[in-house]
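Chains as they are written, first to last, in this note's numbering: chain A, 38 to 156; chain B, 11 to 120.
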C-alpha cells in the first residue's frame, strides 16, 4: 500500500488565523487524494476530493472558500483552513488511492492525521 | 445515498474470547467494502477489501466475510494489541469515494 505523511501532526492557532496542512504520498504518485474530518468519537466525514492539476471537488455543506485545497503535484496536496474558528477544531486526515497487494482495484491509504485546535 | 451501520458501538473482550463485529450496508451497486483499523489519535490502517458476496479474507486473527447486506469482522482469540476502533466503509460509485460507518471500539483485556 501507499505510505502517506501529514505535516504538522498537531497545531494550535488563534481564532481568525489560517492554517495549512500538508499531505504527502511518499512512495506513490497520487493523482487523487481525499481530505476527511473526524470529530471526537465520530467517524470520518469526507470533505473533498483533490485531483492533481485541477480544482478540488467539495462535498455538500463544505465551504470551498474556507477550506482551500491545492494539489499541485503528484505527491503533495495541501488543505488550508482560512480564518479558523473554534468550531473548526478537529482531526483532519488525508488519504491517497493506491494499489493494495495483488488487487487490481484502488484502495485508500490514510495519513496519520493532523489535530487542529483553534483557541 | 449509501448507508453504513456498524454494531455494536463498543465491545469489551477478555483475551482469547473470540467475537464478531457487524457492518450492515445499503448501497446502489457495491464496488467494494473496506475494513480499517484506527488507533487513538492516528489515521485508519487498511485491513481488507471485499468485492462480492461469499468472499472471505484473513489476516492473522482477523477474518472478514461479506454477504449481500452485511459484512462481519471475526476476531479469533484476540490479544490486547487488537484493541482499536474498527471502521467499515463502502464504495458504490466510479469516483472512489468511501462512506464510513461510525465504527466499533474493541477493548481486549489481558
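From the three backbone atoms N, C-alpha and C, an ideal C-beta is built for every residue, glycine too.
Here residue 80 of chain B carries a strand assignment [DSSP, helix/strand/coil]. Under a 10 Å Cβ-count criterion, residue 41 of chain A is classified as buried, with 16 or more other Cβ atoms of the shown protein chains found around its own Cβ.
A direct Cα-to-Cα measurement between residue 15 of chain B and residue 80 of chain B gives close to 9 Å.
Contact annotation for residue 40 of chain B against chain A: no contact, minimum CB-CB distance about 12 Å [criterion: below 7 Å]. Contacts between residue 97 of chain B and chain A, judged by CB atoms closer than 8 Å, involve 80 and 81 in chain order.
Taking 7 Å as the upper bound on Cβ-Cβ separation, chain A lies near residues 59 of the stretch 59 to 85 of chain B. Residue 143 of chain A and residue 85 of chain A have their C-alpha atoms some 18 Å from each other.
With contacts defined as CB atoms closer than 8 Å, residue 46 of chain A and residue 133 of chain A fail to qualify as a contacting pair. According to DSSP, residue pairing for residue 72 of chain B in a beta bridge involves B:69 and B:85. Neighbours of residue 69 of chain A across chain B, judged by C-beta separation under 7 Å: 106. Within the same chain, Cβ atoms closer than 6 Å to the Cβ of residue 135 of chain A are found at 38, 39, 65 and 146, the five residues on either side in sequence being excluded.
Listed along the chain, the chain B residues whose CB falls inside 8 Å of the CB of residue 134 of chain A are 106. Residue 106 of chain B: not part of any beta strand (DSSP E); DSSP gives it neither H nor E.
Around the C-beta of residue 106 of chain A, 16 or more other C-beta atoms lie within 10 Å, and the residue is accordingly described as buried. Among the bridge pairs identified by DSSP, residue 87 of chain A is matched with A:70.
Residue nearest to residue 129 of chain A within the set A:78, A:148 and A:103 is A:148 (criterion: CA-CA distance). Of the other Cβ atoms in all chains shown, 16 or more fall within 10 Å of the Cβ of residue 54 of chain B; this residue is therefore buried. In the structure shown, residue 55 of chain B falls within a strand segment according to DSSP collapsed to helix, strand and coil. By the rule that beta-carbons nearer than 8 Å mark a contact, residue 103 of chain B does not touch chain A.
Under a criterion of Cβ atoms nearer than 7 Å, the residues of chain B adjacent to residue 143 of chain A are, in order, 106.
For residue 149 of chain A, a Cβ of chain B is located within less than 8 Å of the residue's own Cβ. A direct Cα-to-Cα measurement between residue 30 of chain B and residue 85 of chain B gives close to 6 Å.
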